[in-house]
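Below: one structure, written as structure tokens.
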Amino acid sequence: MKRQVFGNDSWLQAAAFYLRYQVFVLEQGIPAELEFDELDKQQPDFFVMFDGQIPIATIRYQRDSKRADWIRPDRFCVAKAYRGQGIGRQLLVDYEAKAQKEGYLGSVLSAEASAQGFYEKLGYQPFGEPFYEDGILCITMEKRFKDH
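Residues 1 to 148 in full-length UniProt numbering are what the sequence shown spells out, letter by letter.
Okay, here's the thing in structure tokens:
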């Protein structure tokens with residue numbers, strides 16, 4: 001049974017870190033010291049989706065540092081065995097719904113270039129020039145929420 005949990009309890013952060021280690025460090029080859037950054041020390045909130053007790057998707061919930069009325073989802077990943085099932089889409093939609101309820105005007109993120117189409121289907125638009133982050137080609141994308 002799949003369930004989604006939001007918060008910053010230590011057990012939830014551990015689940016998010018476990019999944020991020022599996023996807024970003026082991027699968028994509030990002031050095032662990034780059035994947036786990038200063039923001040993680042501030043006990044940020046996470047959305048984590050579970051299948052039973054197994055964490056299968058996560059995303060870090062935070063305000064954008066340049067526009068305080070925008071959110072900046074990051075460290076977004078889905079376990080390999082669960083990709084292509086709509087889990088990532090549902091997690092991001094729920095993330096945005098929470099942000100809108102809290103009064104945020106939009107969302108800005110750094111997308112891996114290979115995921116640009118995924119974000120475009122959810123209403124994100126690319127802007128700026130592509131760049132490399134942790135050795136991966138990325139593009140900045142943003143979405144203004146419809147209510148605002």
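The C-beta atom is built at its ideal place from N, Cα and C for all residues, glycine as well.
| Check | Outcome |
| --- | --- |
| What does the alpha-carbon distance come out to for the pair residue 8 and residue 146? | 28 Å |
| Relative to the alpha-carbon of residue 128, which residue among 113, 58 and 91 has its alpha-carbon at the smallest distance? | 113 |
| Who are the Cβ neighbours of residue 119 in its own chain at under 6 Å, not counting the five residues just before and after it? | 111 and 141 |
| Where do the ends of the alpha helix (DSSP H) carrying residue 40 lie? | 38-41 |
| In the structure shown, what three-state DSSP assignment does residue 107 receive? | strand |
| Can you tell me the Cα-Cα spacing of residue 60 and residue 13, whole angstroms? | 10 Å |
| In terms of residues, what are the limits of the beta strand (DSSP E) holding residue 27? | No beta strand (DSSP E) holds residue 27; DSSP gives it neither H nor E. |
| Please identify the residue among 53, 70, 75 and 116 whose C-alpha is closest to the C-alpha of residue 32. | 75 |
| Grouping DSSP H, G and I as helix and E and B as strand, with all else coil, what is residue 142? | strand |
| Taking just the CA atoms, how far does residue 26 sit from residue 95? | 26 Å |
| Quick one: measure Cβ to Cβ for residue 87 and residue 93, integer angstroms, because I've assumed they're closer than 8 Å. | Contact doesn't hold; Cβ gap of about 11 Å is too wide. |
| Span of the beta strand (DSSP E) holding residue 66? | Here residue 66 belongs to no beta strand (DSSP E), and DSSP marks it neither H nor E. |
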